[in-house]
Structures are given as C-alpha cells and as structure tokens.
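Just so we're aligned, residue 1 is where the sequence shown starts under full-length UniProt numbering, counting upward by one.
Just so you know, even glycine gets a beta-carbon here, dropped at the ideal spot from N, CA and C.
Quick caveat: nothing in here was measured; it's all calculated off a predicted structure.
Just below is one structure, and these are the notes that go with it.
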Amino acid sequence: MDEADEARIGELIPRLRQFARSLVHDGAAADDLVQAALERALRAWSSRRRPDALQPWLFSILYRQFIDERRRAGRLRRLLEIVGMMEESHAPSAERVNESRAALASFGRLPEEQRVVMLLVSVEGFSYREVADTLGVPIGTVMSRLSRGRERLRQLSEGDPATPALRVLR
C-alpha cells in the first residue's frame, strides 16, 4: 500500500463510519465495525480484483463484517438459549447477565473435545457431518461428545453434587 492509497482510505473513513452507524445505530459499535473492516481489508489488500474500485470494495467488506458479527451474535445467543440462560423476549437484567456469565464459565469447564464440538454445532452452525470431517472423527463420536457436553452443562448449571453449585447471589 502506498501513500496515495492511505490517503484515499483516510478520506473514506468518515463515510464508512456513517454507513456503519446506520447499520448498528451506536457510535462506539460503528467505530469497532469500521476498525474490524479496515483490518480485514488490509489483510486482503494484495488480493483486490480492481485496485481502482477502492470505495465499493471497502464498503462491501464493512457490510460483510457487519453480517458476520450479526451471525456470531446470533450464534452466541442460540448457545445461551441452549443452556437455558437467556429468554428471547426479555431485556437482560443484572441477574440474567450473571446467569449468562455462569453459563459461559460452565461452558469453559467442559473438556476441550466436548467444547469444540458444541461450538462447531451450536455456535458455528456446522452439521454433524461437517464437524466429523473437520475434526477427523466418526460422526458417532461427534454425536456422543455433543450429548455428553450438553448433559455436563445441565449438571453444572443445576448444581451437580460432584461440583460446586452455580447460583446467582441476590
């Protein structure tokens, strides 16, 4: 990247921020989105198809970054719903935030093989076959790890006698 490219990017940043604000409706989140999109653009700089079309290229990266982040947030929300720590119709209360933190802490206590399978299926949206291919294990292994992981999460959130009970202090 030369100085002229840097200058053109600098000129586009206010417009990128404005576009990001229209997508996320929050100034700080918009700035984060622009930063993530610019980082992505810099990593892909040498693979640009049309060096003369910088503006549409940057805007498309920003939009794809927005879509990716929305998907990630939805996957995290689904994961929290799976472990029963989030209701769709309620704004998060302090208690709900504490429960979510406890759920994520419980998730972190799972054995890595169960945690990875749960992330790929529940958060990333992979099929069992895709997980099996990715990890190089039989599909039955994926299913058993997923089942054991879900059961362990239930035990941790309900207070398994073998582990300290998780509860929200009021």
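Could you tell me the alpha carbon to alpha carbon distance between residue i and residue j, rounded to whole angstroms?
{"i": "V116", "j": "S100", "result": "19 Å"}
{"i": "R148", "j": "V137", "result": "16 Å"}
{"i": "L33", "j": "N98", "result": "27 Å"}
{"i": "A30", "j": "G140", "result": "43 Å"}
{"i": "I13", "j": "I67", "result": "19 Å"}
{"i": "M112", "j": "L38", "result": "According to the sequence as given, residue 112 is Glu; it is not Met. When rounded, the distance between both Cα atoms is 33 Å."}
{"i": "I61", "j": "E11", "result": "17 Å"}
{"i": "G125", "j": "L156", "result": "24 Å"}
{"i": "A102", "j": "I9", "result": "42 Å"}
From the DSSP output, in three-state form, read off residue i for me.
{"i": "S127", "result": "coil"}
{"i": "D5", "result": "helix"}
{"i": "V137", "result": "coil"}
Using 8 Å as the Cβ pair cut-off and three pairs as the minimum, do the region 43 to 55 and the region 64 to 77 touch?
-> Judged by Cβ distances under 8 Å, the region 43 to 55 makes no contact with the region 64 to 77, as fewer than three pairs qualify.
Any chance you could list the alpha helix (DSSP H) runs of at least 4 consecutive residues sitting entirely within the UniProt domain "RNA polymerase sigma-70 region 2" (12 to 75), in chain order?
-> Within the UniProt domain "RNA polymerase sigma-70 region 2" (12 to 75), the complete alpha helix (DSSP H) runs of at least 4 residues are 27 to 43.
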